[in-house]
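J.: To convert, take the position in the sequence shown, counting from 1, and add 25; that gives our numbering.
Cβ atoms here follow ideal geometry from the backbone N, Cα and C, with glycine treated the same way.
Handing you this structure, nothing more for now.
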Amino acid sequence: MSLSQGDRSQVAIIDDQPANLRLLMNVLESHNYDVRAFPKGTLALEGMKYALPDLILLDIQMPEMNGYQVCEHLKSNPETQDIPVLFISALDEAFDKVQAFEKGGVDYITKPFQAEEVLARVATHLNLSRLTRQLSNTNVAQAEQLATQNQQLQNTVQLLESSIQEVQQTQTQLVQQEKMAALGGLVAGIAHEINNPLNFIIGNLQPAQDYVQDLLNLIDLYQQTFPTPGEEIEAESDSMDLGFIRQDLPKLLQSMKIGAERIRNISRSLRIFGRGDSDTATQFDLHEVIESTILILKHRLKPSDHRSEIKIQTQYDSQLPEIEGFPGEFSQVVMNILANAIDAIDEKCESPGLLTEQAYRPQIRVITSLVAQKIATIKIQDNAGGMPPEVESRIFESGFTTKGMGKGTGLGMAIAQQLITEKHNGLLTCHSVIGEGTTFTIEIGLP
Ligand SMILES: Nc1ncnc2c1ncn2[C@@H]1O[C@H](COP(=O)(O)OP(=O)(O)OP(=O)(O)O)[C@@H](O)[C@H]1O
Ligand SMILES: [Mg+2]
Numbered sequence: 026m027s028l029s030q031g032d033r034s035q036v037a038i039i040d041d042q043p044a045n046l047r048l049l050m051n052v053l054e055s056h057n058y059d060v061r062a063f064p065k066g067t068l069a070l071e072g073m074k075y076a077l078p079d080l081i082l083l084d085i086q087m088p089e090m091n092g093y094q095v096c097e098h099l100k101s102n103p104e105t106q107d108i109p110v111l112f113i114s115a116l117d118e119a120f121d122k123v124q125a126f127e128k129g130g131v132d133y134i135t136k137p138f139q140a141e142e143v144l145a146r147v148a149t150h151l152n153l154s155r156l157t158r159q160l161s162n163t164n165v166a167q168a169e170q171l172a173t174q175n176q177q178l179q180n181t182v183q184l185l186e187s188s189i190q191e192v193q194q195t196q197t198q199l200v201q202q203e204k205m206a207a208l209g210g211l212v213a214g215i216a217h218e219i220n221n222p223l224n225f226i227i228g229n230l231q232p233a234q235d236y237v238q239d240l241l242n243l244i245d246l247y248q249q250t251f252p253t254p255g256e257e258i259e260a261e262s263d264s265m266d267l268g269f270i271r272q273d274l275p276k277l278l279q280s281m282k283i284g285a286e287r288i289r290n291i292s293r294s295l296r297i298f299g300r301g302d303s304d305t306a307t308q309f310d311l312h313e314v315i316e317s318t319i320l321i322l323k324h325r326l327k328p329s330d331h332r333s334e335i336k337i338q339t340q341y342d343s344q345l346p347e348i349e350g351f352p353g354e355f356s357q358v359v360m361n362i363l364a365n366a367i368d369a370i371d372e373k374c375e376s377p378g379l380l381t382e383q384a385y386r387p388q389i390r391v392i393t394s395l396v397a398q399k400i401a402t403i404k405i406q407d408n409a410g411g412m413p414p415e416v417e418s419r420i421f422e423s424g425f426t427t428k429g430m431g432k433g434t435g436l437g438m439a440i441a442q443q444l445i446t447e448k449h450n451g452l453l454t455c456h457s458v459i460g461e462g463t464t465f466t467i468e469i470g471l472p
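Laid out in structure tokens, this is it:
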């Protein structure tokens with residue numbers, strides 16, 4: 026409902042005396058006011074439901090409802106409470122100025138009045154009311170503007186905070202990648218250094234075995250030709266337990282050979298793992314990389330106070346051809362997935378609830394397969410009990426970890442996914458079944 030119609034101000038006059046009404050109407054109308062006259066308070070309140078005046082001139086002494094009561098009604102209604110009310114009272118009427126202001130009047134005029142005074146007071150209060158309205162509108166507009174600015178500021182702060190977080194994450198990721206590259210270089214370097222002396226050992230073991238066999242054969246021949254070699258030789262032969270040495274020496278050399286082969290495998294694994302910083306893709310045997318990664322992690326599979334040995338079951342598809350990519354980085358991916366599975370198994374076994382689950386056998390399965398001659402898939406499956414959906418949905422987020430301070434950086438899976446998607450054009454996905462376990466699937470297109 027508008028306060029005024031057109032440019033002319035609307036004034037309502039409420040007075041039970043027709044002579045007064047007429048007089049005031051004449052004065053105001055002759056000065057371009059739009060005037061509505063009401064002989065009773067009730068009529069005026071009813072009339073204001075349809076059109077609101079800009080100002081009200083209100084008589085006090087009226088039958089049915091006096092001016093104070095009318096004013097109370099006006100002030101209790103949010104629609105009319107801001108309309109300025111000027112009381113009019115005859116000098117001989119009992120008029121309580123204090124009450125007039127208490128009821129919400131802004132001014133009063135005493136009868137008999139002078140036209141100029143009425144006009145001056147009406148004009149002043151209309152002005153005041155207009156200014157008050159303008160001010161409150163300005164306040165509202167300013168408040169709204171401030172609120173918008175505040176919101177914009179908050180958005181900017183949020184944006185900044187997330188940018189800072191992103192920068193920090195990228196930084197830790199870079200540091201992590203650099204560390205991996207440095208570690209890779211170191212590991213590859215050590216593996217290379219071990220390789221040279223190892224090659225002497227492996228290269229010399231076979232001739233050593235042959236020589237020993239020759240010498241033993243010669244001793245046999247001596248013994249057959251000279252069954253009684255004399256006291257001195259017999260005593261020496263007894264004290265060194267020649268019979269035992271004869272049997273044990275070939276076994277000893279054989280176990281040295283096996284040990285040296287193992288070192289060679291470890292060294293090869295380390296070289297594959299360390300080849301993380303190469304720039305060009307190469308063809309490589311997926312199964313060899315998986316095996317060497319398992320070998321590097323072997324020490325973590327051993328039985329502990331809380332659990333039996335973690336068994337790794339592999340099921341390799343022999344049809345799988347070599348894939349193109351970066352064996353060092355691929356090994357890091359497998360290593361991260363396996364390390365997480367071992368962590369999850371350890372966590373499960375260290376939780377107090379497991380005491381009842383004596384039959385629990387920790388296990389990780391690695392299954393490779395060739396799909397439609399076009400895709401190599403590697404599934405790494407654990408039986409560590411899985412993770413809740415709110416964890417599963419965030420595991421590839423950089424920096425997301427559920428492990429304690431100093432235990433996990435939350436970068437493992439983020440980096441693994443990056444290495445698979447960006448360096449191998451592949452996919453790394455995760456599917457977890459709570460209470461059972463988690464399966465990571467790597468899919469890589471074949472050349
Ligand atoms: N096999 C799994 N079973 C249960 N939870 C897992 C498994 N793999 C990953 N998670 C969850 O995903 C989170 C993120 O793994 P991610 O490897 O990225 O970081 P992290 O292992 O916590 O730390 P980091 O690998 O950097 O040392 C882990 O903290 C863990 O909660
Ligand atoms: Mg991890």
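Can we say the region 455-469 touches the region 398-413, given the rule of at least three CB pairs closer than 8 Å?
T.: Short answer: they touch.
J.: Taking the alpha-carbon positions, what's the residue 392 to residue 452 distance?
T.: The residue labelled residue 392 in the question sits at position 367 within the sequence shown. The residue labelled residue 452 in the question sits at position 427 within the sequence shown. Roughly 16 Å between the two C-alpha positions.
J.: Using a Cβ-based criterion (distance less than 8 Å to any ligand heavy atom), does residue 437 qualify as near ligand 2?
T.: Taking the first residue of the sequence shown as position 1, residue 437 is located at position 412. Within the cutoff, so yes.
J.: At a cut-off of 8 Å, would you count residue 364 as near ligand 2, judging by its Cβ distance to the nearest heavy atom?
T.: In the sequence shown, residue 364 corresponds to position 339, counting from 1. Yes, the beta carbon of residue 364 sits closer than 8 Å to at least one heavy atom of ligand 2.
J.: Helix, strand or coil for residue 121, going by three-state DSSP, please let me know.
T.: The count along the sequence shown starts at 1 and reaches residue 121 at position 96. Coil, per DSSP.
J.: Less than 8 Å between the CB of residue 371 and some heavy atom of ligand 1, yes or no?
T.: As a position in the sequence shown, residue 371 is number 346, starting the count at 1. No, the beta carbon of residue 371 sits no closer than 8 Å to any heavy atom of ligand 1.
J.: Cα separation between residue 44 and residue 115?
T.: Taking the sequence shown and counting its residues from 1, one reaches residue 44 at position 19. Taking the sequence shown and counting its residues from 1, one reaches residue 115 at position 90. So the two alpha carbons sit approximately 13 Å from each other.
J.: Can you name the start and end residues of the beta strand (DSSP E) that residue 60 belongs to?
T.: On the sequence shown, position 35 is the one that residue 60 refers to. Per DSSP, residue 60 belongs to the beta strand (DSSP E) from 59-63.
J.: Can you list the beta strand (DSSP E) stretches of 3 or more residues lying completely in the region 121-149, in chain order?
T.: Correct list: 132-136.
J.: Report the rounded CA-to-CA distance for residue 438 versus residue 285, giving the unit in angstroms.
T.: Here residue 438 refers to the residue found at position 413 of the sequence shown. Here residue 285 refers to the residue found at position 260 of the sequence shown. The alpha-carbon atoms of residue 438 and residue 285 are separated by roughly 35 Å.
J.: Counting only runs that start and end within the region 353-425, where is the alpha helix (DSSP H) found for 4 or more residues in a row?
T.: 414-417, all fully within the region 353-425.
J.: Do you know how far the Cα of residue 220 is from the Cα of residue 387?
T.: Numbered from its first residue, the sequence shown carries residue 387 at position 362. Numbered from its first residue, the sequence shown carries residue 220 at position 195. If you take the alpha carbons of residue 387 and residue 220, they lie about 34 Å apart.
J.: Does DSSP classify residue 43 as helix, strand or coil?
T.: On the sequence shown, residue 43 is found 18 positions in, with the first residue counted as 1. It is helical.
J.: Among 324, 108 and 247, which one has its Cα closest to the Cα of residue 335?
T.: Counting from 1 along the sequence shown, the entry for residue 335 is found at position 310. Checked all of 324, 108 and 247; the closest Cα to residue 335 is 324.
J.: Out of curiosity, what's the CA-to-CA distance linking residue 40 and residue 91?
T.: Taking the sequence shown and counting its residues from 1, one reaches residue 40 at position 15. Taking the sequence shown and counting its residues from 1, one reaches residue 91 at position 66. Rounded to whole angstroms, residue 40 to residue 91 spans 10 Å at the Cα level.
J.: If I measure Cβ to Cβ from residue 433 and keep anything under 8 Å in the same chain, skipping five residues before and after, which residues do I get?
T.: Within the sequence shown, the letter at position 408 stands for residue 433. Same-chain partners within the cutoff: 368, 426 and 427.
J.: Helix, strand or coil: how does DSSP classify residue 464 here?
T.: On the sequence shown, residue 464 is found 439 positions in, with the first residue counted as 1. Looking at residue 464 - three-state DSSP - the assignment turns out to be strand.
J.: Tell me where the beta strand (DSSP E) around residue 447 begins and ends.
T.: Here residue 447 refers to the residue found at position 422 when the sequence shown is read from its first residue. From DSSP, residue 447 is part of no beta strand (DSSP E); its letter is neither H nor E.
J.: Under a three-way DSSP split, which group does residue 233 fall into?
T.: Counting from 1 along the sequence shown, the entry for residue 233 is found at position 208. It is helical.
J.: Is residue 147 close to chain C? Criterion is C-beta to C-beta, closer than 9 Å.
T.: Of the protein chains in this structure there is only one, and it is not chain C.
J.: Can you look up residue 169 in the DSSP assignment and give me helix, strand or coil?
T.: Taking the sequence shown and counting its residues from 1, the one referred to as residue 169 is at position 144. Correct three-state label for residue 169: helix.
J.: Considering only C-alpha positions, which residue in the set 308, 102 and 53 is nearest to residue 470?
T.: Here residue 470 refers to the residue found at position 445 of the sequence shown. The candidate whose alpha carbon is nearest that of residue 470 is 308.
J.: Please identify the residue among 299, 455, 298 and 423 whose C-alpha is closest to the C-alpha of residue 366.
T.: The residue given as residue 366 occupies position 341 in the sequence shown. Per the Cα distances, 455.
J.: Cβ-heavy atom distance between residue 407 and ligand 2 below 8 Å?
T.: Position 382 of the sequence shown, counting from 1, holds the residue named residue 407. Because no heavy atom of ligand 2 lies under 8 Å away, the Cβ of residue 407 does not count as near it: no.
J.: Who are the near neighbours of residue 215 in its chain, counting only those whose CB is closer than 8 Å to its CB and skipping five residues on each side?
T.: Start at 1 with the first residue of the sequence shown, and residue 215 comes out as number 190. Counting only Cβ-Cβ distances below 8 Å, and skipping sequence neighbours, we find 295.
J.: Is any non-hydrogen atom of ligand 2 found closer than 8 Å to the C-beta of residue 433, if you look at the structure I gave you?
T.: For this step, residue 433 is matched to residue 408 along the sequence shown. Checking the Cβ of residue 433 against ligand 2 gives yes.
J.: Hey, could you find the ends of the alpha helix (DSSP H) residue 272 is sitting in?
T.: On the sequence shown, position 247 is the one that residue 272 refers to. Note, residue 272: alpha helix (DSSP H), 267-299.
J.: Is residue 394 near ligand 1, in the sense that its beta carbon is under 8 Å from a heavy atom of that ligand?
T.: Taking the sequence shown and counting its residues from 1, the one referred to as residue 394 is at position 369. For ligand 1, not one heavy atom lies less than 8 Å from the Cβ of residue 394.
J.: Can you name, in chain order, every residue of its own chain whose Cβ lies under 6 Å from the Cβ of residue 227, other than the five neighbours on each side?
T.: As a working mapping, residue 227 is identified with position 202 in the sequence shown. The residues are 285.
J.: Determine, using beta carbons only, whether residue 350 and residue 209 come nearer to each other than 9 Å.
T.: In the sequence shown, counting from the first residue as 1, residue 350 sits at position 325. In the sequence shown, counting from the first residue as 1, residue 209 sits at position 184. Contact flag unset, no.
J.: In the DSSP assignment, what are the bridge partners of residue 110?
T.: Sequence index remark: in the sequence shown, residue 110 carries index 85 (1-based). According to DSSP, residue 110 bridges with 81.
J.: I need the DSSP call for residue 29, collapsed to helix, strand or coil.
T.: Within the sequence shown, residue 29 is the residue found at index 4, counting from 1. For residue 29, the pLDDT reaches just 45, beneath the cut-off of 50, and the residue's location in the model is therefore unreliable, leaving the point undetermined.
J.: Starting from the Cα of residue 287, find the closest Cα among 385, 170, 320 and 313 and give me that residue.
T.: The residue labelled residue 287 in the question sits at position 262 within the sequence shown. For residue 287, the nearest C-alpha among the options comes from 320.
J.: Compute the distance between the beta-carbons of residue 77 and residue 42, then report whether it is under 9 Å.
T.: Along the sequence shown, read from residue 1 onward, the residue named residue 77 stands at position 52. Along the sequence shown, read from residue 1 onward, the residue named residue 42 stands at position 17. Not in contact: residue 77 and residue 42 (Cβ atoms no closer than 9 Å).
J.: Is it the case that the CB of residue 336 approaches a heavy atom of ligand 1 more closely than 8 Å?
T.: Start at 1 with the first residue of the sequence shown, and residue 336 comes out as number 311. Residue 336: no, Cβ never under 8 Å from ligand 1.
J.: Taking three-plus beta-carbon pairs below 8 Å as touching, is the region 71-86 in contact with the region 166-184?
T.: No contact exists between the region 71-86 and the region 166-184.
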